[in-house]
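Note that the protein sequences, when read in sequence, are chains A and B.
All residue numbers for the first sequence refer to my numbering, where the first residue is 330 and numbers rise by one.
All residue numbers for the second sequence refer to my numbering, where the first residue is 330 and numbers rise by one.
Note that beta-carbon positions come from the ideal geometry of N, C-alpha and C, so glycine has one too.
Here the structure comes first, spelled out in structure tokens, and everything after it is commentary.
Protein chains: 2
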Amino acid sequence: MSNQSSLSLPLVGSYTFQARPFLCDHTFQLFMAHLGNALLNASDYHSHERGFGVSRLQAQHRTWVLSRLAIEMEQMPRAYDTYTVETWVPTAKRFFTSRFYRVVDAQGKMMGQGQSIWAMIDTETRQPVDLNAVSGENDTTIMNYLEPSRQLTMSPPSRVAVPADAELKEEVKTHYSDVDINGHINSMKYVEHVLNCFDTQWWRHHSIARLDVAFVAEAHAGDCLRIYGAQTAPLTHAFRLTRQADNEEHEVEVCRCEMVVRMNEETE
Amino acid sequence: MSNQSSLSLPLVGSYTFQARPFLCDHTFQLFMAHLGNALLNASDYHSHERGFGVSRLQAQHRTWVLSRLAIEMEQMPRAYDTYTVETWVPTAKRFFTSRFYRVVDAQGKMMGQGQSIWAMIDTETRQPVDLNAVSGENDTTIMNYLEPSRQLTMSPPSRVAVPADAELKEEVKTHYSDVDINGHINSMKYVEHVLNCFDTQWWRHHSIARLDVAFVAEAHAGDCLRIYGAQTAPLTHAFRLTRQADNEEHEVEVCRCEMVVRMNEETE
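See the structure below:
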């Protein structure tokens, strides 16, 4: 990719996905973990095209780490729907960038929005990397790709507070299918395991209005995850996830998650 | 969809997918369960466009049931690869149709092939439906869409024999994320749970050469799955999966699966 071609790209990237029926739940709505993966994939495509993708960073022993993510959905894509994820980087600080998302349907109507916060780390020292020192092709930096003028109406990702007395809801052993290309547990798998704390009957009557995830530490395939949850308001549930590897004496917090739901109108 | 438009469609449907990085494993290869879902999605698109899709059948209280599936892969799509699934119906009998697949890369080179066998059932009586009596739009039947001339080099899906002394490998509780739009456990989730019997280290050294799945009964979210496995040849593993719902006294066989692997060349 030449400097010219990546600098001539629009600041906002648009990536179109299909809500394929076998990625949808029993209410014909796209699984939220798949929508989250679509946002992560859009993030990766957008940074990849501009010279800051994970595959290029790998050679420099660096990678992106997702720190926080919030998604607000007015309407989920349904089976067979085409939807587009628009993404851009509104701001970047020394050690963090934020990334915004709009999810629009085939007619261009907004279905939802999202915000994420990312850090870059050195994969050998595990230390944060100064983003000003990271060059794409031909000496561009991330600062060349900022789009501060497009804003969202949602509030930023929350730190997520979970009551100390949250109860153990599930114990989940992680496996091969939980990993991502980095060899860690895929961020959206935490969300999938949290949503599995509710049964299919419950999901007939509830949809996710907003989801916040604060990522704290990584987990690896084989680790046992424990999910502690509490209902903190009539339509709000908060979760703390811990990992425990075979060689670990104590649980380690890996992420916290808050979900605000809305009641579906009766469909049956 | 008018008769004219569906009858004027080519007999072979081609559907292009992306091996998005967050659908790939730690070796950067697409998860086999996702490839299988892509084949199922291609099947659904192909039948949908020709008037025999699940969403149209639902109104007639009918649905497709996957009976057997075999996939042979020479090479798996890797992260960022585009791949195309070609699918067609070579033959249809009174109560079964087969469906063929070719998976080709962006240059048109064959990466793998597949075969599946499907029945249609009445969702109220659970009885098989005579396919000659099922009409698409404007009185077409499935027999209008057969393409018997394109053959594959692979052998048909096997019934899968599993040794009686296969050992219990895993017990898996199924959840919301395991269901498909029919409300049953997604066929490819059985495959995912089987592949999870091997750890990430093992998957660095092995790739799937061929996978056969024989589906016997349905399972529902909340059912406990038990996976019994045996190594039947140096590179062949066979599995029997059973379900047990809370109200079931005994295990019920849900599917059998055979996996032939090849050893990867050393990559590290």
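| Item | Value |
| --- | --- |
| Ser343 (chain A) at chain B interface by Cβ criterion, 8 angstroms | no |
| Residue-chain proximity (His535 (chain A), chain B), Cβ-Cβ < 8 angstroms | no |
| Cross-chain neighbours of Ile510 (chain B) in chain A, by beta carbon under 7 angstroms | Pro350, Cys353, His355, Phe357, Ala408 |
| Unbroken beta strand (DSSP E) run spanning Lys327 (chain A), endpoints | As displayed, chain A neither begins before 330 nor continues past 597, which places residue 327 (chain A) out of reach and without an answer. |
| Status (buried if at least 16 other CB within 10 Å, exposed otherwise) for Phe346 (chain B) | buried |
| 8 angstroms contact criterion, which Cys353 (chain A) and Ala408 (chain A) should meet: CB distance rounded | 4 angstroms |
| Closer than 8 angstroms to chain B by CB, Asn576 (chain A) | no |
| Where the beta strand (DSSP E) through Thr345 (chain B) begins and ends | 342-347 |
| Given 8 angstroms, three or more beta-carbon pairs between the region 472-488 of chain B and the region 554-561 of chain B | no |
| Proximity test, Cβ basis, 8 angstroms: Glu453 (chain B) and chain A | no |
| Minimum length 3: unbroken beta strand (DSSP E) runs contained in the region 392-448 of chain A | 411-417, 426-434 |
| Nearest-angstrom Cα separation, counted from His504 (chain B) out to Leu524 (chain B) | 18 angstroms |
| Euclidean distance between Cα positions of Pro406 (chain B) and Arg431 (chain B) | 13 angstroms |
| Thr571 (chain A) and Val583 (chain A) closer than 8 angstroms at C-beta | yes |
| Buried or exposed by the 16-neighbour rule on C-beta atoms within 10 Å, applied to Asp373 (chain A) | buried |
| Within chain B, the residues that His504 (chain A) reaches when beta carbons sit closer than 7 angstroms | Asn525 |
| Partners in chain B for Glu521 (chain A), counting only beta-carbon separations shorter than 7 angstroms | Ser506 |
| Of the residues A:Thr470, A:Gln358, A:Gln456, the one placed nearest Gly382 (chain A), counting alpha carbons only | A:Thr470 |
| For Val520 (chain A) and Asp528 (chain A), the rounded distance between their alpha carbons | 14 angstroms |
| Min CB distance Leu497 (chain B) to chain A below 8 angstroms | no |
| DSSP state of His390 (chain A) mapped onto helix, strand, coil | coil |
| Under 8 angstroms from the C-beta of Gly551 (chain A): neighbouring residues of chain B | Asp528, Thr529 |
| Separation of Thr452 (chain B) from His534 (chain A), as counted between CA atoms | 23 angstroms |
| At least 3 beta-carbon pairs within less than 8 angstroms: the region 440-447 of chain A vs the region 463-477 of chain A | no |
| Environment of Met402 (chain A) [buried if 16+ CB atoms lie within 10 Å] | buried |
| Min CB distance Trp447 (chain B) to chain A below 8 angstroms | no |
| Extent of the continuous beta strand (DSSP E) to which Asp541 (chain A) belongs | 535-544 |
| Cβ neighbour criterion (16 or more within 10 Å) applied to Gly437 (chain B) | exposed |
| Alpha-carbon spacing of Ala548 (chain B) relative to Cys553 (chain A), whole angstroms | 25 angstroms |
| Proximity of Pro419 (chain B) and Glu476 (chain B) at Cβ, strictly below 8 angstroms | yes |
| Per-residue DSSP class, three states only, for Phe360 (chain A) | coil |
| Within-8 angstroms CB hit, Trp532 (chain B) to chain A | yes |
| Any chain B beta carbon closer than 8 angstroms to Leu570 (chain A) | no |
| Candidates A:Asn461, A:Thr454, A:Gly365, A:Thr416, of which the one nearest Asn425 (chain A) by Cα | Before going further, note that residue 425 (chain A) is Phe rather than Asn in the sequence given. The shortest C-alpha separation from Phe425 (chain A) is found at A:Asn461. |
| Spatial neighbours of Val458 (chain A) in its chain, beta-carbon cut-off 7 angstroms, leaving aside the 5 residues before and after | Arg391, Met449, Ile450, Asp451 |
| CB contact check: Ala490 (chain B) to chain A, cutoff 8 angstroms | no |
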